[in-house]
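Right, one structure below, let's go through it.
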Ligand SMILES: Cc1cc2nc3c(=O)[nH]c(=O)nc-3n(C[C@H](O)[C@H](O)[C@H](O)COP(=O)(O)OP(=O)(O)OC[C@H]3O[C@@H](n4cnc5c(N)ncnc54)[C@H](O)[C@@H]3O)c2cc1C
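Numbering (my numbering), first residue to last: 7 to 463.
Pasting the structure below:
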């Protein structure tokens with residue numbers, strides 16, 4: 007299957023030059039399987055009759071990352087190294103800033119290929135590489151099913167406005183990708199780099215925030231782990247997915263978000279698997295594709311077109327106005343960030359959610375919504391609430407620092423939502439109550455589930 011032109015962007019005006027190899031600088035799409043940037047790079051290497059090397063720059067300075075994120079990422083990269091080796095491709099891991107590693111290895115490259123990231127620093131790194139490389143730099147987008155600029159040219163208002171834009175392109179982009187064979191293997195090339203056999207050794211050698219512990223007993227990184235969990239989900243839980251989307255006591259969710267965040271699994275791979283079940287499990291498969299494609303790509307659209315996606319200022323005017331009108335409303339409970347993190351509130355359901363997050367690095371979507379809404383309710387003002395929610399989100403979730411993180415937190419404050427009945431503190435922003443949890447789901451069973459998780463950790 008072709009790699010559509012819409013996925014490919016020329017990043018500078020240079021041409022491919024004489025060089026020892028083609029370089030794929032891997033950053034966002036950390037996988038060997040179903041990776042358009044990798045397959046494009048192999049085809050280009052074959053066209054130029056050159057070997058291909060894949061590099062990764064491992065920095066201990068990645069914005070907001072801590073050992074929980076790194077442990078998961080390194081497990082994934084160890085698998086990438088192995089999988090590339092089987093295809094005759096040398097994986098070069100070097101410690102340093104990602105764009106600097108790409109430029110250093112790029113000096114001897116005929117052509118540099120990079121994948122696409124959507125956050126500000128990811129865009130900036132690519133611009134620096136394109137602006138300073140001595141050869142042509144091409145970017146290939148592989149982490150959105152419909153390329154972000156094809157879906158829309160602007161920040162979309164809500165799911166209902168982006169949905170038809172995405173759907174009109176799905177037949178084109180929801181298609182598999184064939185693996186190409188590298189004609190000139192690169193395993194024998196003499197290029198220095200670290201070997202990833204022992205991720206724990208690398209973890210120990212990096213200067214990282216180690217105050218949040220890694221959670222390998224709940225989530226292990228890597229494409230094969232992601233595929234295993236997904237297979238289990240398809241066989242055991244997909245059929246209940248639509249019915250149980252607000253039932254956090256169940257496990258009828260795919261838990262793919264950590265793998266999607268690090269690019270260890272392709273959204274296209276997941277969507278094609280579920281699409282093949284559309285006849286058998288119509289409602290459930292449709293509901294899953296709505297989340298994986300529409301909601302996820304709405305978040306990508308938001309981050310891509312909203313420079314202040316990580317600030318309170320990103321919220322729609324109606325939400326800022328109504329929250330401002332209610333900023334002086336009396337708050338029955340006010341908690342500091344430390345009290346929140348220690349799960350020391352009066353609300354056992356919220357505390358359970360926070361304990362799940364701290365213990366496992368994950369939380370069911372329904373509880374994420376409740377978790378965020380209560381931070382807005384219990385913090386002295388909405389700006390501080392926004393900052394607090396985003397900081398805890400990004401620190402504790404393995405899938406934190408993702409477009410979904412920014413869109414999810416902003417949703418709590420009205421982004422991508424509509425105005426509701428006015429009430430204290432929230433104004434017209436949607437409210438969630440503990441009594442709602444009691445009515446809609448078996449919240450006591452959820453608390454017990456978290457107790458068990460804590461005991462297991
Ligand atoms: C306050 C708040 C904070 C959030 N923080 C994050 C975060 O840091 N990282 C993160 O990846 N997601 C975040 N989300 C979105 C969502 O909760 C998670 O993506 C989802 O719960 C992950 O679980 P899963 O993979 O089992 O999802 P499933 O229900 O199995 O869905 C499959 C995939 O669809 C996508 N998806 C599902 N629900 C949403 C949604 N509401 N918005 C966007 N995409 C969605 C995700 O990529 C997910 O992996 C947040 C939501 C809220 C309300």
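Idealized CB from N, CA, C, for every residue including glycine. Here the structure is a predicted model, which is why all the values come from computation and not from measurement.
Hey, how far is the Cα of residue i from the Cα of residue j?
i, j, result
"residue 309", "residue 321", "12 Å"
"residue 464", "residue 272", "Here the chain covers residues 7 to 463 and nothing more, so residue 464 does not appear."
"residue 31", "residue 144", "10 Å"
"residue 76", "residue 364", "16 Å"
"residue 248", "residue 201", "43 Å"
"residue 288", "residue 341", "44 Å"
"residue 318", "residue 387", "11 Å"
"residue 349", "residue 395", "14 Å"
"residue 171", "residue 418", "24 Å"
"residue 324", "residue 29", "47 Å"
"residue 136", "residue 50", "18 Å"
"residue 379", "residue 316", "17 Å"
"residue 141", "residue 447", "57 Å"
"residue 238", "residue 260", "9 Å"
"residue 132", "residue 195", "26 Å"
"residue 149", "residue 267", "9 Å"
"residue 78", "residue 427", "42 Å"
"residue 39", "residue 198", "25 Å"
"residue 420", "residue 339", "21 Å"
"residue 67", "residue 214", "8 Å"
"residue 243", "residue 301", "20 Å"
"residue 299", "residue 411", "16 Å"
"residue 391", "residue 225", "29 Å"
"residue 413", "residue 376", "15 Å"
"residue 151", "residue 265", "16 Å"
"residue 155", "residue 275", "21 Å"
"residue 188", "residue 83", "20 Å"
"residue 203", "residue 36", "16 Å"
"residue 5", "residue 98", "Here the chain comprises residues numbered 7 to 463, so residue 5 is not present and cannot be evaluated."
"residue 404", "residue 219", "11 Å"
"residue 14", "residue 42", "9 Å"
"residue 439", "residue 208", "44 Å"
"residue 514", "residue 406", "Residue 514 lies beyond the range of the chain shown here (7 to 463); nothing can be said about it."
"residue 381", "residue 305", "21 Å"
Which residues does DSSP pair with residue i in a beta bridge?
i, result
"residue 61", "31 and 98"
"residue 115", "27"
"residue 144", "16 and 119"
"residue 433", "429"
"residue 200", "99"
So is the beta-carbon of residue i under 7 Å away from any non-hydrogen atom of ligand 1?
i, result
"residue 384", "no"
"residue 307", "no"
"residue 238", "no"
"residue 405", "yes"
"residue 1", "In the structure as shown, the chain starts at 7 and stops at 463, and residue 1 therefore has no counterpart that could be examined."
"residue 301", "yes"
"residue 180", "no"
"residue 426", "no"
"residue 242", "no"
"residue 374", "yes"
"residue 231", "no"
"residue 417", "yes"
"residue 261", "yes"
"residue 408", "yes"
"residue 94", "no"
"residue 413", "yes"
"residue 102", "no"
"residue 223", "no"
"residue 378", "yes"
"residue 2", "There is simply no residue 2 to check, as the chain begins at 7 and stops at 463 in what is shown."
"residue 297", "yes"
"residue 18", "no"
"residue 370", "yes"
"residue 41", "no"
"residue 399", "yes"
When the cut-off is 8 Å and only beta carbons count, does residue i lie next to chain C?
i, result
"residue 461", "Absent here is chain C; the protein component of the structure consists of one chain."
_To test your reading of the DSSP string, which unbroken alpha helix (DSSP H) runs of 4 or more residues are found completely within the segment 119-196?_
The segment 119-196 contains these whole alpha helix (DSSP H) runs: 126-138, 154-157 and 165-179.
*Mind pulling the alpha helix (DSSP H) runs of 4 or more residues that sit fully within the segment 264-297?*
If we require 4 residues or more, the alpha helix (DSSP H) runs fully inside the segment 264-297 come out as 273-281 and 288-295.
*Complete runs of the alpha helix (DSSP H) confined to the segment 288-359 [at least 4 residues]*: You should have 288-295, 302-311, 323-331 and 343-347.
_Entirely enclosed alpha helix (DSSP H) segments - the segment 387-432, minimum 4 residues_ = Listed in chain order, they are 388-402 and 409-418.
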